[in-house]
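J.: For reference, the structure I am asking about is given below.
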Amino acid sequence: MHEVDCVVVGGGIVGTALTYCLSKFGIQTTLLEQSAFGTGGSTGLSAATVWCGVDLATTEHDEKKQQLTDLEEDMYLCAKSRQLYKEVKCKECQYMETGALEIATSATELSFLRHQWDTYQQRTSGKTPSLQAEWLNSNDAVRQKEPALSQSVLGAIYTPLSGFVSTPIGCARAFADAAERMGAICAEGARVTNVVPCSDNVATSAGTKRRFMVEYTCESKQTQQVATDHVVFATGYFTDVMQRAFTSQTTESQTPQPLPPTTIVPVQGQIFQLDKEPPMTKTKVQNYPNLQWPQKVIFTVRGYEYWKNHTTSPPKVTHDATGKRLTHHAYLRPRIQGGLLAGGSRIPAGATKHITDEELFHDNVSYMRSFLTPLDHYLALKEEEEEEDFRKKTLEERGIDYWRGTMPFSPNGQVISYSN
Ligand SMILES: Cc1cc2nc3c(=O)[nH]c(=O)nc-3n(C[C@H](O)[C@H](O)[C@H](O)COP(=O)(O)OP(=O)(O)OC[C@H]3O[C@@H](n4cnc5c(N)ncnc54)[C@H](O)[C@@H]3O)c2cc1C
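If you count the sequence shown from 1, position 223 lands on 223 in UniProt numbering, and the numbers rise without skipping.
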């Protein structure tokens, strides 16, 4: 048995980044991950895009403290993510600051986007750091920033600090490595099986009692123990289940009481990469020398629009009772190797059996080609060349790499906050 100030359960991007931050503050931390860092849940399957509207690095330390309360948490957390990615430099994981465009392709979306722009401005007005964004009110202005977008895009919010992380698994690894260099213990293949209040005889070297005993199994299958004062469940879409299972064992007299369990809504998304075939390995699109794959991150507003205005869970917002999708949400980004990585279609995690990968792909792609010129031209070319054959081919036969993954959401799509 060993003892530490804090045990972090789960070594996805959240658990590894948290362990890194705690270690920077000199808090003795043990990180326990059942698989390899970044691979056991959502992190390794992510598109790893990062939206960022303010630059925390330009402010003094004291001002940063102010931001926590002044800036709304979602903006602060996004900016903090960018800052951490830039800070934990490593070969495998780079923060690619390409800038991002949140686009509108209809009058309704444009008016929603305008409202969003006004809100961003209000929330940051007179505060440090200031909003780093631009309102693009015409197709020309948008296409000057990103020529790959089509005439159907009516406007956009441009955030130059946004971007993506080259490999999310590499990032999780980099955070864990950096934490270890500062004295943290970061264990892979360590599955937490129980968290119980400590019995009275578990004392620290200073003679005081530790609050919790965390039990875990590792490769040897032997149960190991670590005594600690704080346990953080950074277990992604398992978090509420873990919290409920383990906090039920704490006693009423225990102080401070554990935070009440959160509710996590598991949501599935599909990602595909168009880069397996030779034309996709370059930024230029074959046979269209004037067309380039997008060089910026692109988010569509549709879906998000409804999401923000409803308090029901994301699946209910994006789908009707029969599981049929009502709204779209799509995001695209360049890949470092060239080509395109695109994701979309948020669906309830339990209801996906009835939607095949082909159907999802078709749905996502037919939406994306409406605003992305090179994708539309590429698919039109393929369909013309191969006629019916192209559509009959499986995704693999068409050289399209795809996967689905589950991610954690809050019931209303907003940041889960304990601060108020
Ligand atoms: C297809 C897809 C696309 C996405 N695109 C984006 C994007 O572009 N931008 C973005 O910001 N987000 C994106 N996300 C969401 C993002 O990936 C997640 O929000 C994020 O990875 C969650 O990280 P996490 O560390 O909380 O959870 P996870 O990565 O799920 O990590 C939880 C870890 O806990 C471990 N664990 C569970 N139980 C135990 C136990 N008993 N003992 C020890 N370890 C345990 C698991 O093995 C796992 O490694 C996407 C997600 C998916 C699936």
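Beta carbons: idealized from backbone N, C-alpha and C, even for Gly.
#1: Please confirm whether Ser42 and Thr406 have their CB atoms less than 9 Å apart.
#2: Can we say the region 220-234 touches the region 364-376, given the rule of at least three CB pairs closer than 8 Å?
#3: Any idea which residues DSSP pairs Gly338 with across the strands?
#4: In whole angstroms, give me the CA-to-CA distance for Gly163 and Tyr85.
#5: From which residue to which residue does the alpha helix (DSSP H) around Ala227 run?
#6: What number of angstroms, rounded off, separates the C-alpha of Ala178 from the C-alpha of Asp240?
#7: So is Arg210 buried or exposed if we call it buried at 16+ other beta carbons inside 10 Å?
#8: For Glu73, which residues of its own chain have a beta-carbon under 6 Å away from its beta-carbon, when the five flanking residues on both sides are left out?
#9: Using a 10 Å radius around the Cβ and a threshold of 16 neighbouring Cβ atoms, would you call Pro278 buried or exposed?
#10: Going by beta carbon distance, what residues of the same chain come within less than 7 Å of Thr39, once the five residues before and after it are set aside?
#11: Mark Glu3 as exposed unless 16 or more other C-beta atoms lie within 10 angstroms of its C-beta, in which case mark it buried.
#12: Hey, Gly15 and Ala234 are a contact pair by Cβ (cut 8 Å); roughly how many whole angstroms apart?
#13: The beta strand (DSSP E) with Arg404 in it runs from where to where?
#14: Please report how far the alpha carbon of Leu18 lies from the alpha carbon of Thr193, in whole angstroms.
#15: Got a sec? Which residues, its chain only, sit under 6 Å from Val195 by beta carbon, not counting five neighbours each side?
#16: If we count the other Cβ atoms within 10 Å of its Cβ and call it buried at 16 or more, is Trp403 buried or exposed?
#17: With a threshold of 8 Å (Cβ to nearest heavy atom), would Ala148 be considered close to ligand 1?
#18: Would the beta-carbon of Glu134 fall within 9 Å of that of Tyr158?
#19: Look at Ser166 and Val265 and say whether their C-beta atoms are less than 9 Å apart.
#20: Verify the contact flag: Glu33, CB atom, against every heavy atom of ligand 1, threshold strictly below 8 Å.
#21: Is any heavy atom in ligand 2 found nearer than 8 Å to the beta carbon of Pro408?
#22: Per the DSSP calculation, Tyr95 is bridged to which residue(s)?
#23: If you draw a straight line from the C-alpha of Arg181 to the C-alpha of Ile336, how long is it?
#24: With 16 other CB atoms within 10 Å as the buried threshold, where does Thr223 fall?
#25: Mapping DSSP to helix, strand and coil, what is Pro266?
#26: Using only the heavy atoms of ligand 1, determine whether one of them is closer than 8 Å to the beta carbon of Arg404.
#27: Hey, is Phe25 close to ligand 1, as in C-beta under 8 Å from one of its heavy atoms?
#28: Comparing alpha-carbon positions, which option in Thr98, Val88, Leu56 lies nearest Cys78?
#29: For Trp194, list the residues DSSP reports as bridge partners.
#30: Can you round the beta-carbon distance between Tyr367 and His328 to whole angstroms, since I take them to be within the 8 Å contact cut?
#31: Is Glu102 buried or exposed, if buried means 16 or more other CB atoms sit within 10 Å of its CB?
#32: Would you mind working out which of Cys21, Arg333, Asp118, Leu360 sits nearest Trp51, comparing C-alpha positions?
#33: Would you identify the three-state DSSP class for Met1, choosing helix, strand or coil?
#34: Which same chain residues end up closer than 7 Å to Lys24 when comparing Cβ atoms and leaving out the 5 residues on each side of it in sequence?
T.: If we stick to the structure as given:
#1: yes
#2: no
#3: According to DSSP, which records beta bridges pairwise, Gly338 is partnered with nothing at all.
#4: 11 Å
#5: It is not in any alpha helix (DSSP H) - Ala227 instead sits in the beta strand (DSSP E) that spans 223-233.
#6: 28 Å
#7: buried
#8: Val415, Ser417
#9: At Pro278, the pLDDT of 40 sits below 50, so the modelled position is not reliable and the matter cannot be decided from this model.
#10: Ile169
#11: buried
#12: 3 Å
#13: 401-409
#14: 21 Å
#15: Phe212, Val214, Val231, Phe246
#16: exposed
#17: no
#18: yes
#19: no
#20: yes
#21: You won't find ligand 2 in this model; what it holds is ligand 1.
#22: Val165
#23: 29 Å
#24: exposed
#25: strand
#26: yes
#27: no
#28: Leu56
#29: In the sequence as displayed, the identity of residue 194 is Asn instead of Trp. Per DSSP, Glu215.
#30: 5 Å
#31: buried
#32: Arg333
#33: coil
#34: Met182
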